[in-house]
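Trainee: If you read the protein sequences in the order shown, they are chains E and V.
Numbering-wise, the working numbering comes out as the position in the first sequence, counting from 1, plus 3.
Numbering-wise, the working numbering comes out as the position in the second sequence, counting from 1, plus 9.
Even for Gly, the Cβ is constructed at its ideal location relative to N, Cα and C.
Owing to the predicted nature of the structure, the values given are computational and were not obtained by experimental measurement.
This is the structure I have questions about; it appears just below.
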Amino acid sequence: MFGEGTAARGAAASIAGRFLAGFAKFVTAPRIEWRGVAPTARQRIYFANHSSNGDAVLIWAALPGAARRRARPVAAGDYWLTSKLRTFIGRDVFRAILIERRPDERTDDPLELIGEALTNGDSLILFPEGRRNDTEARLLPFKSGIYHLGQAHPGVELVPVWVANLNHVMPRGEVVPIPLICTVVFGAPIEAREGEEKDAFLERAREALLALAPEREGS
Amino acid sequence: MTTPPELFTLLLWLFGFLAVATLIGEGLARRISPDGTHPTIENLNARIRSWWNMVILIGLALLAGRTGIVILAAICSFAALREFLTLTTKNRGDHWALVVAFFVVLPVQYVLIWLEWYGLYSIFIPVYGFLFLPIIAAFRGHSENFLHRISETQWALMVCVFCLSHLPALISLEIEGYEGRQIMLVAFLIVVVQMSDVLQYVWGKLLGRHKIAPSLSPSKTWEGFVGGILSSSLIGASLAWMTPFSAFEAAALSLVITMMGFCGGLVMSAIKRDRGVKDWGHLIEGHGGFLDRLDSVIFAAPIFYHLVRFFY
């Protein structure tokens, strides 16, 4: 009855999505700020800092309905495909683009998969640091994927998103979240410039994201 | 417990009061801020809109009786604790202590209130929470800022859960000749203390010149303080009909709880100022967070509870 691609599975995914978004909002009562960008449903790459497993869920929940339906997180396949429940949440609820992080296990080129989604008109939720930041540094160095996507899809807006405080709600290794107020700030989009050097672009993207971070931690 | 008839009278008065406030707010908006850009007027009307929602919600809880008020207070405690702990010192070693604070201590406290188990709810957080939460934190082995962390967590629980839970606890007070109507004490406390906040704001906006504590709060003035406390104590006296108190006693109790409410606002402002925020949260339009609205009630409730318990 809940086989892949069936209507029942689709309906279950839609209900589970609402429940997860509601739960994320119940725990974090997020303050959502659109700073220099409107909450519309146009095609975008939302790129965010990554400090907690819940980042993608909270950004997804913070998007208004139409934008949320269009947005697909880019996530680690080696995490999301490990159990039936995770596969259901990752694949059916979030419609995540699942990337294999171990190069020797790969069958597809990750950038190709992501590019395909952009060509289909989807928006992306992307963590350019490539992994969760457990360090004291505010951001890890960016991977180059976002540069190549920006160059290949110049019409897509690149919107920086800062998620604050979620790492305290659910630190690494914990399973029960503690309710704390989180902030999600969407910033003004940056555009990929034709012929721009990779490092210059990544630096610009990094600065656009850092500009949204609160002055002090925990607020 | 049947609904005491006084509750309907009170709710009618409150709706009338809000209707007048809405008319004044709309009139001011039309005259001073026709394009909707005057910050004070817009904030005033946002506050009045939120007041409608709050009065309706509290009114429904009062109509639902003891269980309704216990549930509403528990929800408020949850939201307040969520706001408070967002700003406290904590690290990974506190995770389980905080999970227990939210999902064990808070519900247990309100179950005890609901059971009217005075002997336990009045010591549960000050004794058991006080001793066991640091034990849980210590087992996690992080000593960094330990005293800061456990003290701030304990303070959060005392303010957001323990003190606030004295509001529904009023229903369990036994007062001769007042059986079945204790829920009106809850209404009395909320109305007098919140009315004092409103009137301090109104007097302060109209006449406020001299700031009481400019380093803590820019909006608290001597004019607002004196005007607000006196006028709300008069309102308290005029509400004596719904209490077991005489008009004079109602005025005296009102004076005590509005002073406590004012001081609560001051203490909570000092914390906000230290942590560099203007409001505790953002969920109540025009007011800020739950704690911005509840700070005065939190400081007044236990004192009111024990005064009434001792004298009546």
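Check the C-beta distance from E/Ser54 over to E/Arg134 and give it rounded, since I have them as a contact under 8 Å.
Mentor: Counted from its first residue, the first sequence places residue 54 of chain E at position 51. Counted from its first residue, the first sequence places residue 134 of chain E at position 131. A Cβ-Cβ separation of about 11 Å leaves E/Ser54 out of contact with E/Arg134 under the 8 Å criterion.
Trainee: Rounded to whole angstroms, what's the CA-CA distance from V/Ser160 to E/Ala44? Just pull it up for me.
Mentor: Locating residue 160 of chain V in the second sequence gives position 151, where the first residue counts as 1. Locating residue 44 of chain E in the first sequence gives position 41, where the first residue counts as 1. Going from the Cα of V/Ser160 to the Cα of E/Ala44 covers about 45 Å.
Trainee: Report the residue from E/Tyr150, E/Ile117, E/Pro182, E/Thr110 whose alpha carbon sits nearest the alpha carbon of E/Thr198.
Mentor: On the first sequence, position 195 is the one that residue 198 of chain E refers to. Checking the sequence, you will find Gly at residue 198 of chain E rather than Thr. Taking only the C-alpha atoms, the option nearest E/Gly198 is E/Tyr150.
Trainee: If distances are taken between C-alpha atoms only, which option among E/Asp81, E/Trp83, E/Ala99, E/Ala51 comes closest to E/Arg73?
Mentor: In the first sequence, the residue the question calls residue 73 of chain E occupies position 70. For E/Arg73, the nearest C-alpha among the options comes from E/Ala99.
Trainee: From E/Ala214, E/Val187, E/Ala191, E/Lys201, pick the residue whose C-alpha is nearest to that of E/Ile28; which is it?
Mentor: On the first sequence, position 25 is the one that residue 28 of chain E refers to. The sequence given here has Lys at residue 28 of chain E, not Ile. Taking only the C-alpha atoms, the option nearest E/Lys28 is E/Val187.
Trainee: Can the beta-carbon of V/Gly245 be found less than 7 Å from the beta-carbon of V/Val201?
Mentor: Mapped onto the second sequence, residue 245 of chain V falls at position 236. Mapped onto the second sequence, residue 201 of chain V falls at position 192. Result yes, Cβ atoms of V/Gly245 and V/Val201 sit closer than 7 Å.
Trainee: Determine the chain E residues that contact V/Gly290 at a beta-carbon separation under 9 Å, and present them in chain order.
Mentor: On the second sequence, position 281 is the one that residue 290 of chain V refers to. Those are Ala32, Arg34, Ile184, listed as they occur along chain E.
Trainee: Going along the chain, which residues of the stretch 83–97 of chain V sit with their C-beta nearer than 8 Å to a C-beta in chain E?
Mentor: So the list reads Phe87, Ala88, Leu90, Arg91, Glu92, Leu94, Thr95, Leu96, given in the order they occur along the chain.
Trainee: Identify whether V/Trp250 lies in helix, strand or coil by the three-state DSSP scheme.
Mentor: On the second sequence, residue 250 of chain V is found 241 positions in, with the first residue counted as 1. In this structure, V/Trp250 counts as helix in the three-state DSSP scheme.
Trainee: Using DSSP's beta-bridge definition, name the partner residues of E/Tyr49.
Mentor: Taking the first residue of the first sequence as position 1, residue 49 of chain E is located at position 46. DSSP lists E/Ile128, E/Val162 as partners of E/Tyr49.
Trainee: To the nearest angstrom, report how far apart V/Ala249 and V/Ile67 are at their CA atoms.
Mentor: Residue mapping note: residue 249 of chain V aligns to position 240 of the second sequence, counting from 1. Residue mapping note: residue 67 of chain V aligns to position 58 of the second sequence, counting from 1. Approximately 20 Å, taken between the alpha carbons.
Trainee: Identify, in the order they occur along the chain, each residue of the same chain with its Cβ nearer than 8 Å to the Cβ of V/Leu225, setting aside the five sequence neighbours on each side.
Mentor: Against the second sequence, residue 225 of chain V aligns to sequence position 216. So the list reads Leu275, Ser278, Ala279, Arg282, once near-sequence residues are dropped.
Trainee: In or out: E/Gly20 buried (at least 16 other Cβ within 10 Å) or exposed?
Mentor: Here residue 20 of chain E refers to the residue found at position 17 when the first sequence is read from its first residue. By the 10 Å Cβ count, E/Gly20 comes out buried.
Trainee: Please list, in chain order, all residues of the same chain as V/Arg149 whose beta carbon is under 7 Å from its beta carbon, the five residues on each side excluded.
Mentor: Within the second sequence, numbered from 1, the residue matching residue 149 of chain V stands at position 140. Closer than 7 Å at Cβ, skipping near neighbours: Gly102, Trp105.
Trainee: In the stretch 168–202 of chain E, which residues sit with their C-beta less than 9 Å from some C-beta in chain V, listed in chain order?
Mentor: Asn168, His171, Met173, Pro174, Arg175, Gly176, Glu177, Val179, Pro180, Ile181, Pro182, Leu183, Ile184, Cys185
Trainee: Does DSSP put E/Gly20 in a helix, in a strand, or in coil?
Mentor: The residue labelled residue 20 of chain E in the question sits at position 17 within the first sequence. E/Gly20 falls in the helix class under three-state DSSP.
Trainee: Less than 7 Å between CB atoms is the rule here; does V/Phe155 satisfy it with respect to chain E?
Mentor: The count along the second sequence starts at 1 and reaches residue 155 of chain V at position 146. By this cut-off, V/Phe155 is not an interface position.
Trainee: Using the three-state DSSP reduction, which class does V/Phe299 fall into: helix, strand or coil?
Mentor: By one-based count along the second sequence, residue 299 of chain V stands at place 290. If DSSP states are grouped into helix, strand and coil, V/Phe299 belongs with the helices.
Trainee: Give every residue of the same chain whose Cβ lies closer than 6 Å to the Cβ of E/Leu84, excluding the five residues on either side of it in the sequence, and list them in chain order.
Mentor: The residue given as residue 84 of chain E occupies position 81 in the first sequence. These residues qualify, in order along the chain: Thr90.
Trainee: Along chain E, which residues have their Cβ under 8 Å away from the Cβ of V/Val170?
Mentor: Here residue 170 of chain V is taken as the residue at index 161 of the second sequence, counted from 1. Those do not exist, as V/Val170 stays about 13 Å from chain E at its closest Cβ, beyond 8 Å.
Trainee: Go through its chain and collect everything with a Cβ distance to V/Phe24's Cβ below 8 Å, but skip five positions before and after it.
Mentor: Working through the second sequence from its first residue, we reach residue 24 of chain V at position 15. Counting only Cβ-Cβ distances below 8 Å, and skipping sequence neighbours, we find Val64.
Trainee: Between V/Leu182 and V/Gly189, what straight-line distance do the alpha-carbon atoms span, to the nearest angstrom?
Mentor: For the purposes of this step, residue 182 of chain V is taken as residue 173 along the second sequence, with counting starting at 1. For the purposes of this step, residue 189 of chain V is taken as residue 180 along the second sequence, with counting starting at 1. The straight-line gap from Cα to Cα measures roughly 10 Å.
Trainee: Using 7 Å as the limit for Cβ to Cβ distance, is V/Phe141 near chain E?
Mentor: Here residue 141 of chain V is taken as the residue at index 132 of the second sequence, counted from 1. No, its Cβ sits nowhere closer than 7 Å to a Cβ of chain E.
Trainee: Show which residues of chain E have a CB atom less than 7 Å away from the CB atom of V/Arg101.
Mentor: Along the second sequence, read from residue 1 onward, the residue named residue 101 of chain V stands at position 92. Result: Pro174.
Trainee: Compare the C-alpha of V/Phe87 against each of E/Glu206, E/Ile184, E/Leu205, E/Ala191 and name the closest.
Mentor: Your numbering for residue 87 of chain V matches position 78 in the second sequence. Answer by Cα proximity: E/Ile184.
Trainee: So for E/Leu143, helix, strand or coil by DSSP?
Mentor: Locating residue 143 of chain E in the first sequence gives position 140, where the first residue counts as 1. DSSP places E/Leu143 in coil when its eight states are reduced to three.
Trainee: Can you tell me where the alpha helix (DSSP H) with V/Thr49 in it begins and where it stops?
Mentor: Indexing the second sequence from 1 puts residue 49 of chain V at position 40. Residues 48–73.
Trainee: What did DSSP end up calling E/Val178 once you bin it into helix, strand or coil?
Mentor: Within the first sequence, numbered from 1, the residue matching residue 178 of chain E stands at position 175. The three-state reading of DSSP puts E/Val178 in coil, since its state is none of H, G, I, E or B.
Trainee: May I ask you to list the residues that DSSP assigns as paired with E/Val187?
Mentor: As a first step, residue 187 of chain E is located in the first sequence; it is residue number 184 there, counting from the start. Answer is E/Ile35, E/Val166.
Trainee: Could you pull out every residue in the same chain whose Cβ sits closer than 8 Å to the Cβ of V/Asn100, ignoring the five residues on either side in sequence?
Mentor: Sequence index remark: in the second sequence, residue 100 of chain V carries index 91 (1-based). Correct list, in chain order: His151, Glu153, Asn154, Arg158.
Trainee: Run down chain E in chain order and give the residues with a C-beta less than 8 Å from the C-beta of V/Phe111.
Mentor: If you number the second sequence from 1, residue 111 of chain V lands on position 102. What V/Phe111 touches in chain E: Ile181, Pro182.
Trainee: Give me the Cβ distance between E/Val40 and E/Pro192, rounded to the nearest whole Å; I'm assuming they're in contact under 8 Å.
Mentor: Residue 40 of chain E sits at position 37 when you count from the first residue of the first sequence. Residue 192 of chain E sits at position 189 when you count from the first residue of the first sequence. Yes, E/Val40 and E/Pro192 are in contact; Cβ-Cβ is about 6 Å, under 8 Å.
Trainee: Mark V/Lys229 as exposed unless 16 or more other C-beta atoms lie within 10 angstroms of its C-beta, in which case mark it buried.
Mentor: Locating residue 229 of chain V in the second sequence gives position 220, counting from the first residue. Buried, by the Cβ-count rule.
Trainee: How do the stretch 117–134 of chain E and the stretch 64–80 of chain E stand: do at least 3 beta-carbon pairs fall below 8 Å, yes or no?
Mentor: yes
Trainee: In terms of residue numbering, what span does the alpha helix (DSSP H) encompassing V/Ile122 cover?
Mentor: Taking the second sequence and counting its residues from 1, one reaches residue 122 of chain V at position 113. Where V/Ile122 is concerned, the enclosing alpha helix (DSSP H) stretches over 115–124.
Trainee: In the DSSP assignment, what are the bridge partners of V/Lys99?
Mentor: In the second sequence, the residue the question calls residue 99 of chain V occupies position 90. V/Lys99 is not bridged to any residue.
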